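*Asks:* Residue 1251 is where the sequence shown starts when you use my numbering, and the numbers rise one by one after that. Using N, Cα and C, we set each Cβ at its ideal position, and we do this for glycine too. These numbers were taken from a predicted model, which means no experiment stands behind them.
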Amino acid sequence: ASGDPDLARPGEAWRNRPPMSVARGWHRMASLRHLVYAIGGSDDHADTAERFDILEAEFFDPRSDQWTRAAPLLRPGSEAGLAVWASRIYVLGGYSWESAAFSRVTQVFDPDAGFWSRGPDLPMRTAGAAACVCTVRAEPPRPEPEKKKPGRRGGSESPP
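(1) Quick one: measure Cβ to Cβ for G1327 and G1290, integer angstroms, because I've assumed they're closer than 8 angstroms.
(2) Keeping to the same chain, check which residues put their C-beta closer than 7 angstroms to that of S1252; ignore five residues upstream and five downstream.
(3) If you compare alpha carbons, which of R1375, V1286 and P1361 is closest to V1355?
(4) Taking the alpha carbon of C1215 as the point to measure from, which residue in G1364, A1336 and E1348 has its own alpha carbon closest?
(5) Please name the residue, chosen from P1390, P1312, K1399 and A1377, that lies closest to Y1345 on a Cα-to-Cα basis.
(6) Suppose the cutoff is 7 angstroms on Cβ atoms and the five residues either side in sequence are ignored; what does the same chain contact list for P1370 look like?
(7) Could you check if D1303 is buried or exposed, using at least 16 other CB atoms within 10 Å of its CB as the buried criterion?
(8) Under DSSP, the beta strand (DSSP E) around S1292 begins and ends at which residues?
(9) Can you tell me which of the three DSSP states V1341 falls into?
(10) Hey, would you say S1292 sits closer than 7 angstroms to W1366, going by beta carbons?
(11) Could you check what DSSP says for A1251 in three-state terms: helix, strand or coil?
(12) For R1368, tell me which candidate among L1324, K1399, K1398 and F1352 has the shortest Cα-Cα distance.
(13) Work out the CA separation of P1390 and A1299 for me, nearest whole Å.
(14) Assign M1279 to one of three DSSP states: helix, strand, or coil.
(15) Looking at the secondary structure, which residues open and close the beta strand (DSSP E) in which S1328 lies?
(16) Would DSSP call V1383 helix, strand or coil?
(17) So, F1309 versus L1285, is the Cβ gap smaller than 7 angstroms?
Following this line, the structure appears as structure tokens:
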């Protein structure tokens, strides 16, 4: 979801890590500042198989090998879009199984403050969307070619 280069180590193989504290599906994940976030989603009641919304968010720290709870989402967001930009996590839209409704809400997590805030609404309700951030840097200006100084052709460049 975001490509944190510090989480990838060349030559390492996949291995099991501790399970999340909340079982979930249809959630979104992101990496930010060496942490892996699991956000929202839904699960089934074991006895009825009826789906319910999960607002909980948590993050995994590979250095301590443990999950820690983060502030819960403001609104349900199964199958939401997710992007990381400017050290914040953006959850875009999503679906609520409990109210059977799609959302146009943008939720923004600030890890420094430790809470979610509401961002601008999307133009339409959506779920199952993909999101990313693409940063395009302007090409630096090219130096102008040096102009040749007027001088005599051929022979020595020493003064007359």
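*Replies:* According to the structure shown:
(1) G1327 to G1290, Cβ: 4 angstroms. Contact.
(2) With a pLDDT of 47 at S1252, under the threshold of 50, the predicted position of this residue should be treated as unreliable, and no value is reported.
(3) Checked all of R1375, V1286 and P1361; the closest Cα to V1355 is R1375.
(4) Coverage of the chain is limited to positions 1251 through 1410, which leaves residue 1215 absent and any answer about it impossible.
(5) Answer by Cα proximity: A1377.
(6) Here the set comprises T1356.
(7) It counts as buried.
(8) Annotation for S1292: the continuous beta strand (DSSP E) segment containing it runs S1292 to D1294.
(9) V1341 sits in a strand when the DSSP states are folded into three classes.
(10) No, the pair does not count as a contact, with Cβ atoms beyond the cut-off.
(11) Any reading at A1251 needs caution, since the residue's pLDDT is 44, under 50, leaving its predicted position unreliable; the model's value is listed next. Coil, per DSSP.
(12) The shortest C-alpha separation from R1368 is found at L1324.
(13) So the alpha carbons of these two residues sit roughly 57 angstroms apart.
(14) Looking at M1279 - three-state DSSP - the assignment turns out to be strand.
(15) Neither: S1328 is in no beta strand (DSSP E) and is coded neither H nor E.
(16) Coil, per DSSP.
(17) With respect to L1285, F1309 sits close: the two C-beta atoms are nearer than 7 angstroms.
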